[in-house]
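Just below is one structure, and these are the notes that go with it.
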Amino acid sequence: MAEARARGRPRGFDEGRALDAAVRLFRAEGYDGAPVDRLCREMRVPRATLYDLFGGKEGLFLAAVARYADTRIAPVLAALGPSGTLRDDLAAFYDAVLALATADPEAPGCLVSCALADAAGSNTGFRAELAARYAAMEGRIAARLMAAGWDVQAATPPQAAAALAASIARGLMLAARSGTEAAQLRPTAEAAVGALLALHPEGAPGHG
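Our numbering puts the first residue of the sequence shown at 14, with every later residue one more than the last.
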């Protein structure tokens with residue numbers, strides 16, 4: 014029977030939709046605040062199926078983080094272009110950060126910057142995942158800075174400027190988690206763009 018219906022998956026099971034439900038619950042409640050029974054209800058899968066597919070709650074959480082990165086974070090990073098000047102693309106990036114952080118009032122913030130960071134603690138798997146996700150964002154920002162001619166030998170190298178840019182993005186996510194609205198966060202995002210451009214080795218605001 015189709016290999017036991019793909020290792021015990023319920024008829025009509027949509028893994029992407031199930032993971033989206035897990036993402037929303039983990040994002041709203043955090044890792045510890047999302048019990049397996051509630052995850053099963055939200056995902057509409059039996060407990061046995063959850064364990065069969067993901068190996069348990071930790072495996073499901075990591076799968077949810079991957080799903081979130083592919084469907085939510087990827088568009089934020091895509092906003093970096095290059096599609097305009099560096100100023101334009103940094104502004105678009107922070108606009109996307111704010112949109113993601115505040116789009117769902119029941120689950121504000123970021124699954125990575127908030128829930129994964131909170132769950133990492135002494136869990137080596139979660140800590141490694143968090144480090145990889147942080148590095149991926151910083152690497153993408155650094156690549157955009159270098160595309161704008163940011164010299165790797167500059168007083169503030171692109172990797173350091175990218176780490177700063179990503180740290181500000183994470184701070185905006187955490188502020189949104191506390192209930193701060195996008196309109197209140199926007200001046201900080203705009204200031205971040207100006208501060209980053211001021212570090213550009215050529216000192217050229219809006220440099221391509």
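C-beta atoms are modelled at their ideal positions from N, C-alpha and C, and glycine is treated no differently. It should be emphasised that the depicted structure is a prediction, and the values quoted were computed from it without experimental measurement.
Supposed contact pair residue j and residue i - C-beta distance, whole angstroms, cut 8 Å
{"i": "V36", "j": "A77", "result": "5 Å"}
{"i": "M186", "j": "C127", "result": "6 Å"}
{"i": "E151", "j": "A175", "result": "5 Å"}
{"i": "R80", "j": "D33", "result": "7 Å"}
{"i": "A179", "j": "Y147", "result": "7 Å"}
N-terminal and C-terminal residue of the alpha helix (DSSP H) that residue i is part of
{"i": "Y81", "result": "K70 to Y81"}
{"i": "Y147", "result": "T137 to A160"}
{"i": "C53", "result": "V49 to M56"}
{"i": "D65", "result": "R60 to F67"}
{"i": "F26", "result": "Counting along the chain, F26 falls outside any alpha helix (DSSP H), and DSSP gives it neither H nor E."}
{"i": "P88", "result": "A87 to A91"}
{"i": "D101", "result": "L99 to T115"}
{"i": "Q172", "result": "P171 to R190"}
{"i": "G207", "result": "A195 to A211"}
{"i": "D45", "result": "Where D45 is concerned, there is no enclosing alpha helix (DSSP H), given that its DSSP letter is neither H nor E."}
{"i": "D131", "result": "A130 to A133"}
Distance between residue j and residue i (C-alpha atoms, nearest Å)
{"i": "G192", "j": "T115", "result": "9 Å"}
{"i": "A189", "j": "T201", "result": "12 Å"}
{"i": "P121", "j": "A41", "result": "7 Å"}
{"i": "L212", "j": "A205", "result": "11 Å"}
{"i": "P59", "j": "F74", "result": "16 Å"}
{"i": "S135", "j": "A144", "result": "13 Å"}
{"i": "D108", "j": "A130", "result": "22 Å"}
{"i": "A17", "j": "T62", "result": "With a pLDDT of only 39 at A17, under 50, the local geometry of the prediction cannot be trusted, and the value read off the model is given with reservation. So the two alpha carbons sit approximately 12 Å from each other."}
{"i": "T169", "j": "F67", "result": "42 Å"}
{"i": "L177", "j": "W163", "result": "15 Å"}
{"i": "L210", "j": "A167", "result": "13 Å"}
{"i": "E119", "j": "D102", "result": "29 Å"}
{"i": "R30", "j": "A82", "result": "15 Å"}
{"i": "A149", "j": "A208", "result": "22 Å"}
{"i": "M14", "j": "F26", "result": "Legend: pLDDT at M14 = 35, less than 50; position of this residue unreliable, no value from coordinates given."}
Proximity to residue i [Cα-Cα], best of the options
{"i": "G94", "options": "T137, A160, G134 and A211", "result": "A160"}
{"i": "V125", "options": "S135, E142 and G134", "result": "E142"}
{"i": "E215", "options": "A179, V165 and A182", "result": "V165"}
{"i": "K70", "options": "C53, V110 and A195", "result": "C53"}
{"i": "D65", "options": "D33, T84, E28 and L210", "result": "E28"}
{"i": "R100", "options": "G43, I154 and F39", "result": "I154"}
{"i": "Y44", "options": "R157, A132 and A87", "result": "A132"}
{"i": "R183", "options": "G68, A31, Q197 and V110", "result": "V110"}
{"i": "I86", "options": "F106, S96, P118 and A31", "result": "F106"}
{"i": "G97", "options": "L177, T169, I181 and R157", "result": "R157"}
{"i": "G72", "options": "A82, D102 and F139", "result": "F139"}
{"i": "D117", "options": "Q197, T137, G46 and L38", "result": "L38"}
{"i": "C123", "options": "V89, P171 and A104", "result": "V89"}
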